[in-house]
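Reading through the structure tokens given below for one structure.
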Amino acid sequence: MADPTQHLVPCSNGDVFVRTWAPPEPTWLALVVHGYGEHGGRYHRVADQLVAEGALVCAPDHRGHGRSPGERVLIDDAERIVDDLEALHARLAAEHPELPVVLIGHSLGGMFATRLAQRDQEQFRGVVLSAPVLGTWHVLDLLENTQLPDTPIDPESLSRDLGVGRDYVADPLVWHGAFKRSTLMAIDRCLLAIHEGPQLDLPTLWLHGEDDELVPAEDTRTGIDRIRGRNFHEHHYAGARHEVFNETNGADVIRDVVAFVRREISR
Numbered sequence: 001m002a003d004p005t006q007h008l009v010p011c012s013n014g015d016v017f018v019r020t021w022a023p024p025e026p027t028w029l030a031l032v033v034h035g036y037g038e039h040g041g042r043y044h045r046v047a048d049q050l051v052a053e054g055a056l057v058c059a060p061d062h063r064g065h066g067r068s069p070g071e072r073v074l075i076d077d078a079e080r081i082v083d084d085l086e087a088l089h090a091r092l093a094a095e096h097p098e099l100p101v102v103l104i105g106h107s108l109g110g111m112f113a114t115r116l117a118q119r120d121q122e123q124f125r126g127v128v129l130s131a132p133v134l135g136t137w138h139v140l141d142l143l144e145n146t147q148l149p150d151t152p153i154d155p156e157s158l159s160r161d162l163g164v165g166r167d168y169v170a171d172p173l174v175w176h177g178a179f180k181r182s183t184l185m186a187i188d189r190c191l192l193a194i195h196e197g198p199q200l201d202l203p204t205l206w207l208h209g210e211d212d213e214l215v216p217a218e219d220t221r222t223g224i225d226r227i228r229g230r231n232f233h234e235h236h237y238a239g240a241r242h243e244v245f246n247e248t249n250g251a252d253v254i255r256d257v258v259a260f261v262r263r264e265i266s267r
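And the structure:
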């Protein structure tokens, strides 16, 4: 397992902490967009597998997440997170103009990746959405409470590999506290903006576990049906929970991603 290079990168709203895994001769670039409360370092296994397939993998920590500065998990405007991703992509594209770029967004990162792709679809060769928060999300029901309850994520809901949940709980860079009202309101506004935005006509792959309780596939589909374009593919995995990349069949999931990417970058 190769260690990534790690550095702070100036983006639209200040510095963002970025991890990069690089093969000797990359043939494509994967920009990995992590989910709520976690960080890019949790994608080291995904990065290792993608590097073996020729990918230069870049995984930033969103502002207020992981090693990036900012109040923990505070998102006052989701568009600012997307601004940072857009600035990072522009930097990567300038450094590696020969490499096709694929967005890979998980959970809330799938929402950010979708919004980024909507801004300028010509900049990306494809988008991979893993259990994306799109359409409706039951967590937003918490906004009906005067005071938000502390509802921690059940670690067993992440994967049938219970070691994934144990590592999640023990990770000091993961946020284990309550949701913040402004963050949930920002997510709600972003979902509406996506619904009102353009369809994704660039190649798009949707991955989802059929036993995902954190982001149920049927809720996501209400958003997918709004944005799906002409080059859309999906894979649903029986028995899989929220983090399909970290599931017991994670190798199959990566193979599906690689097959999708290879097909699209060869065109």
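The sequence shown begins at 1 in this note's numbering and counts up one residue at a time.
Cβ coordinates follow ideal geometry from the N, Cα and C atoms, glycine included.
Just so we're clear, the structure is a prediction, and the values are computed from it rather than from any experiment.
Residue i versus residue j - alpha carbon distance
i: Arg228; j: Ser107; result: 17 Å
i: Val215; j: Asp252; result: 21 Å
i: Pro10; j: Leu148; result: 33 Å
i: Asp84; j: Gly239; result: 35 Å
i: Pro132; j: Pro24; result: 31 Å
i: Gly177; j: Thr151; result: 8 Å
i: Gly163; j: Val244; result: 14 Å
i: Phe260; j: Glu53; result: 12 Å
i: Val258; j: Ser266; result: 12 Å
i: Gly70; j: Gln6; result: 18 Å
i: Gly197; j: Asn249; result: 34 Å
i: Pro100; j: Thr146; result: 47 Å
i: Leu207; j: Glu264; result: 17 Å
i: Glu247; j: Ile224; result: 23 Å
i: Arg80; j: Ala217; result: 27 Å
i: Gly14; j: Val82; result: 13 Å
Beta-carbon contacts of residue i that lie in its chain and below 8 Å, excluding the five residues immediately before and after
i: Val174; result: Gly37, Glu38, His39, Arg42 and Tyr168
i: Met185; result: Leu143
i: Asp201; result: Gln121, Gly229, Arg230 and Asn231
i: Met111; result: Ala78, Gly105, Pro132, Val133, Leu134, Ile187, Cys190, Leu191 and Ile194
Identified DSSP bridge partners for residue i
i: Ser130; result: His106 and Leu207
i: Cys58; result: Thr20 and Leu31
i: Leu200; result: Arg228
i: Glu234; result: Trp206
i: Val9; result: Val16
i: Val215; result: Answer by DSSP bridge pairing: none, since Val215 is not bridged.
i: Val101; result: Leu29
Same chain only: Cβ atoms within 6 Å of residue i, ignoring 5 sequence neighbours per side
i: Glu213; result: Ser157
i: Gly165; result: Pro155, Glu156 and Leu158
i: Ala59; result: Arg19, Val32, Gly40 and Tyr43
i: Pro203; result: Gly126, Asn231 and Glu264
Integer-rounded CB distance, given that residue j should sit under 8 Å from residue i
i: Val73; j: Gly64; result: 6 Å
i: His236; j: Leu205; result: Between Leu205 and His236 the Cβ distance is about 12 Å, and since that is not below 8 Å, they are no contact.
i: Leu50; j: Ala30; result: 5 Å
i: Leu116; j: Leu191; result: Not a contact, Cβ separation roughly 14 Å.
Close-in-space but distant-in-sequence residues of the same chain around residue i (CB under 7 Å, 5 per side omitted)
i: Ala113; result: Val33, Leu103, Gly105, Val127 and Leu129
Could you tell me whether the region 32-49 touches the region 120-127, using the rule of 3 or more Cβ pairs below 8 Å? no
Would you be able to state if there are at least three C-beta pairs under 8 Å between the region 84-95 and the region 127-146? no
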